[in-house]
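*Asks:* Protein chains in written order, with the numbering used here: chain Z, 2 to 356; chain L, 176 to 473.
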Amino acid sequence: MGDLTHKPELNQQKGKIGNLDSSKNPFDYGQREYGTVPLDTKRLPFQWVSEIAYKNVHRIVSRGYDTTEVMEQGYGVVDMLFIDYQARIPLIEEEQMLNYVMILALEDGLSMPAVMSRMVAKSKTFLTQAAGASILAFGHAFGAYSAFGNRLETYMKKAEDEGLPLEDTAELLVKENWDDEALGVSSLMLMDPAAKRMIARAQKLGVAGKYIDFAQKIVAAAQNLSEEPVDLDMLGATGATMLDLGFSPEATWAILAVTRAFAAGAHYIEEIERDEYCRTGQTLTPKDFYDGPDDRPVPPLRDRNNVAQSGICQTLDEWAAAREERKKIIGSGHSIVEEIEDPSKKSGIKKVGKL
Amino acid sequence: MDREPLIRRKTAISYKTEEKTVMRGYDLSELAEEGYSFCDALFVMYQNRIPTEKEEKMLKYEMGVFMEHSMSPSAVAAIGVSAGRPNLPCAVAAAVTTFGGVHGPGAAHGYMLDKYLERAKTEGRTVDEMAKTLVDEYMDAGRPVMGMGQPQHTDSDPRAEPIHLKQEELGLEGVYLEFQRALEKHFHARRKKEGRSHVGVNVVGSGNTALMEIGFSPNAAWCLGSVCRGFSCAAHALFNMKKGRAWGASRNEPMVQMIDLSMIKYVGPDDRIVPTQEERQAHARKEKEKGEYKKWVI
Chain Z
2 MGDLTHKPEL NQQKGKIGNL DSSKNPFDYG QREYGTVPLD TKRLPFQWVS
52 EIAYKNVHRI VSRGYDTTEV MEQGYGVVDM LFIDYQARIP LIEEEQMLNY
102 VMILALEDGL SMPAVMSRMV AKSKTFLTQA AGASILAFGH AFGAYSAFGN
152 RLETYMKKAE DEGLPLEDTA ELLVKENWDD EALGVSSLML MDPAAKRMIA
202 RAQKLGVAGK YIDFAQKIVA AAQNLSEEPV DLDMLGATGA TMLDLGFSPE
252 ATWAILAVTR AFAAGAHYIE EIERDEYCRT GQTLTPKDFY DGPDDRPVPP
302 LRDRNNVAQS GICQTLDEWA AAREERKKII GSGHSIVEEI EDPSKKSGIK
352 KVGKL
Chain L
176 MDREPLIRRK TAISYKTEEK TVMRGYDLSE LAEEGYSFCD ALFVMYQNRI
226 PTEKEEKMLK YEMGVFMEHS MSPSAVAAIG VSAGRPNLPC AVAAAVTTFG
276 GVHGPGAAHG YMLDKYLERA KTEGRTVDEM AKTLVDEYMD AGRPVMGMGQ
326 PQHTDSDPRA EPIHLKQEEL GLEGVYLEFQ RALEKHFHAR RKKEGRSHVG
376 VNVVGSGNTA LMEIGFSPNA AWCLGSVCRG FSCAAHALFN MKKGRAWGAS
426 RNEPMVQMID LSMIKYVGPD DRIVPTQEER QAHARKEKEK GEYKKWVI
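Here's what the structure looks like:
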């Protein structure tokens, strides 16, 4: 209901508190009201708005399809992904291709999602906590489907807008993003045919389209520019195939992260079955691992003013010099630069680097 | 490029070399090339076996019907997290981690079934007798019987009975379905006898029964359900990120937003004066002695 009230007596009793009566404040703190804001009756009341799905007591409906009816008609969970993300029933070939992609994305040995799941498992948690943690492994280097897909879309749009041949655009993309972990071309799959097989399967099923075509042009450009052998990797093959199946870069990112989490559950289980839980304070870090400052005595608190160093920089020159010094402190964060943008439309850290 | 393992572990699940990724002995790429489905791969992952066609169909059905559930705690968590506009995986992870002791408690249901089936075996009692024992023991203790009731689908979960029927249609009835059906029978009978309303089986009660029947452990079955829900929750988060307003509190939207100030109702201690540091010790001692604060402790 809300009970906003002015309480002058209470404010008066409180009197001056810290800097709250400073004239620099753009307000008079002593005049501020207490209580909660009444319900807003001028606007529509809050509701969970969704284009994806609704339910009532008797039905669950996704994109217009009753999900129980979808299953009774012989569709399955992979079809549901097309319904939820694209509001359509997929072609049989598309459903087959997505099954193929998801099998390849399911397991990856002791890679980061499995490791994260296992580490959480060691703390004696629910399985869901570990499976959820595994999803957090997906970023813009490992499992970088969003970064990869958005880059493809950006450069393909550039080619279209500027009338550039796709081959030239692919070369530009490679030159401008050579060191990026989400290029989709690397030395990782030189001996493993899985990535190329995926593309061949997409072509055989007739679902390969402009993204796979462009990805192959990127591979060709990278091979021309690289002194070392490189080829399409799993990120590139999977990312391009998912885009040709109609999934957005972000949808691809989510679907494949979740797909991997099914296996993270098995890693959680195995970790518990084979190993022990880990207690607070149990894990040691050998001194051999340590390359920080030498052991030193903690100065007595009374000497604090003698040994303390101010971090305040009064001038730009001081700031620049201090910054250089701070970069040397590994773990301080001063040697990393990121441009974090709102990932609402296109997700990604714009630039991640080490100074 | 450093390709050394991040951790060293003996594992029976998979290995990965420069040439291939092998899960339970099967080259993943070969598995996909041969035309097996993702659901088949989940049997290989968790049970080290290729399932029968009917078992694969059952899993496909169960996961398909469970994946989307519109607004439930998992979707709300995903949307809530997405309001701050972090990377999408954070919202999806949050959604999956909502599955606990109440929301989709698949493992709890599975362990309950296993525990009572084991008792039936050791105590030499029938499945039906043990199902009645379970219902009586849970209800006598005031504990919720796992797999029964759903706060939104109040008279029957639209997914639940169809899953039972699909399991029967596929000829996959075994000891778990027999036990679950008996549990439901005794549960309904007891509630009726006590003059209480009908509470139907929910999707965990039927879906988890099916998953246990086709060989998944309680935790594996829980993983299949809770992680599968992550697919749809990601879609809900993505919809909100792409088409909704960040933060969820804008006053410029025609509809009051999720965390508009007017959505807050406060029922805690009255507004009060912060003691000065000089008053602090005496105030804190008095407050502690008085003990009134204890009613607010959580």
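In this text, a Cβ means the ideal position worked out from N, Cα and C, and glycines have one as well.
No experiment lies behind these values; they were computed from the predicted model shown.
Could you have a look at Ile254 of chain L and say whether DSSP puts it in helix, strand or coil?
*Replies:* In this structure, Ile254 of chain L counts as helix in the three-state DSSP scheme.
*Asks:* For Asp80 of chain Z, count neighbouring C-beta atoms within 10 Å of its own C-beta (all shown protein chains included) and say buried if the count is 16 or more, exposed if not.
*Replies:* Asp80 of chain Z should be labelled buried.
*Asks:* Which chain Z residues sit within Cβ distance under 8 Å of Val379 of chain L?
*Replies:* Here the premise fails: no neighbours, minimum Cβ distance about 13 Å.
*Asks:* So, helix, strand or coil for Met321 of chain L, using DSSP?
*Replies:* The answer is coil: DSSP assigns Met321 of chain L none of H, G, I, E or B.
*Asks:* For a contact defined as C-beta to C-beta under 7 Å, what are the partners of Asn100 of chain Z on chain L?
*Replies:* In chain order: Ser212 and Phe213.
*Asks:* Go ahead and label Asn100 of chain Z buried or exposed: buried means 16 or more other beta carbons lie within 10 angstroms of its beta carbon, across all protein chains shown.
*Replies:* It is buried - the Cβ of Asn100 of chain Z has at least 16 other Cβ atoms within 10 Å.
*Asks:* May I ask you to list the residues that DSSP assigns as paired with Ser189 of chain L?
*Replies:* Per DSSP, L:Met198.
*Asks:* Taking its Cβ as the centre, do 16 or more other Cβ atoms sit within 10 Å of Ile136 of chain Z, making it buried, or is it exposed?
*Replies:* Buried.
*Asks:* At what residues does the alpha helix (DSSP H) containing Lys15 of chain Z begin and finish?
*Replies:* Note, Lys15 of chain Z: alpha helix (DSSP H), Pro9 to Lys15.
*Asks:* To the nearest angstrom, how far is it from the Cα of His141 of chain Z to the Cα of Lys17 of chain Z?
*Replies:* Going by the C-alpha atoms only, they are around 50 Å apart.
*Asks:* With H, G and I counted as helix, E and B as strand and the rest as coil, what does DSSP make of Ser23 of chain Z?
*Replies:* In this structure, Ser23 of chain Z counts as coil in the three-state DSSP scheme.
*Asks:* Spell out whether any CB of chain L is found under 8 Å from the CB atom of Glu271 of chain Z.
*Replies:* Closer than 8 Å: yes.
*Asks:* At a CB distance below 8 Å, what residues from the region 23-53 of chain Z approach chain L? Give them in sequence order.
*Replies:* Listed by position along the chain: Tyr35, Gly36, Thr37, Val38, Pro39, Leu40, Asp41, Arg44, Leu45, Pro46, Phe47, Gln48, Trp49, Val50, Ser51, Glu52 and Ile53.
*Asks:* Quick check on the burial criterion: 16 or more other C-beta atoms within 10 angstroms. Buried or exposed for Ala266 of chain Z?
*Replies:* Inspection of the sequence shows that residue 266 of chain Z is occupied by Gly rather than by Ala. Gly266 of chain Z comes out buried.
*Asks:* Can you name the start and end residues of the alpha helix (DSSP H) that Ile61 of chain Z belongs to?
*Replies:* Unbroken run through Ile61 of chain Z is the beta strand (DSSP E), Ile61 to Ser63; no alpha helix (DSSP H).
*Asks:* Is Ala138 of chain Z near Pro114 of chain Z, with beta carbons less than 8 Å apart?
*Replies:* Cβ distance < 8 Å, so Ala138 of chain Z and Pro114 of chain Z count as in contact.
*Asks:* Okay, do the region 231-244 of chain Z and the region 195-204 of chain Z touch, 3+ Cβ pairs below 8 Å being the bar?
*Replies:* At 8 Å Cβ cutoff, the stretches touch.
*Asks:* Leaving out the 5 sequence neighbours to the left and right, which residues in its chain are closer than 7 Å to Glu462 of chain L when beta-carbon positions are compared?
*Replies:* Tyr468.
*Asks:* Pull up the distance between the alpha-carbon of His244 of chain L and that of Val271 of chain L, whole angstroms please.
*Replies:* Cα to Cα, His244 of chain L sits roughly 13 Å from Val271 of chain L.
*Asks:* Let's see if you can read the secondary structure: which residues bound the alpha helix (DSSP H) around Lys211 of chain Z?
*Replies:* Segment Lys211 to Leu226, the alpha helix (DSSP H) holding Lys211 of chain Z.
*Asks:* Quick check: what's the CA-CA separation for Ala148 of chain Z versus Ile219 of chain Z?
*Replies:* Roughly 15 Å between the two C-alpha positions.
*Asks:* Taking a Cβ distance cut-off of 9 Å, strictly less, list which residues of the region 69-84 of chain Z are near chain L, in chain order.
*Replies:* Listed by position along the chain: Thr69, Val71, Met72, Glu73, Gly75, Tyr76, Gly77, Val78, Val79, Asp80, Met81, Leu82 and Ile84.
*Asks:* Please tell me whether Val240 of chain L and Met72 of chain Z are closer than 8 Å, where the distance is taken between their beta carbons.
*Replies:* It is a contact, given that the beta carbons lie within the stated cut-off.
*Asks:* Taking C-beta pairs closer than 7 Å, name the residues in chain L that Met103 of chain Z reaches, listed in chain order.
*Replies:* Residues of chain L passing the Cβ test: Phe213.
*Asks:* To which residues does DSSP link Lys56 of chain Z through a beta bridge?
*Replies:* Paired residue(s): Z:Ile61.
*Asks:* Give the secondary structure of Met246 of chain L by DSSP, where H, G and I count as helix, E and B as strand, and everything else as coil.
*Replies:* Three-state result, Met246 of chain L: coil.
*Asks:* Determine whether the Cβ of Asp446 of chain L lies closer than 8 Å to any Cβ atom of chain Z.
*Replies:* Yes, Asp446 of chain L lies at the interface with chain Z (some Cβ there is under 8 Å from its Cβ).
*Asks:* Exposed or buried, what is Met242 of chain L when buried is set at 16 or more other beta-carbons lying within 10 Å of its beta-carbon?
*Replies:* Buried: at least 16 other Cβ atoms inside 10 Å.
*Asks:* In the DSSP assignment, find the unbroken alpha helix (DSSP H) run with Arg33 of chain Z in it and report its ends.
*Replies:* No alpha helix (DSSP H) contains Arg33 of chain Z, which DSSP labels as neither H nor E.
*Asks:* Within the 8 Å Cβ cut-off, does Lys8 of chain Z reach chain L?
*Replies:* Answer yes: the Cβ-Cβ gap between Lys8 of chain Z and chain L drops below 8 Å somewhere.
*Asks:* Taking Glu208 of chain L as the query, report the chain Z residues whose CB atoms sit under 9 Å from its CB, ordered along the chain.
*Replies:* Ordered by position in chain Z, the residues that pass the 9 Å Cβ test against Glu208 of chain L are Tyr101, Arg198 and Arg202.
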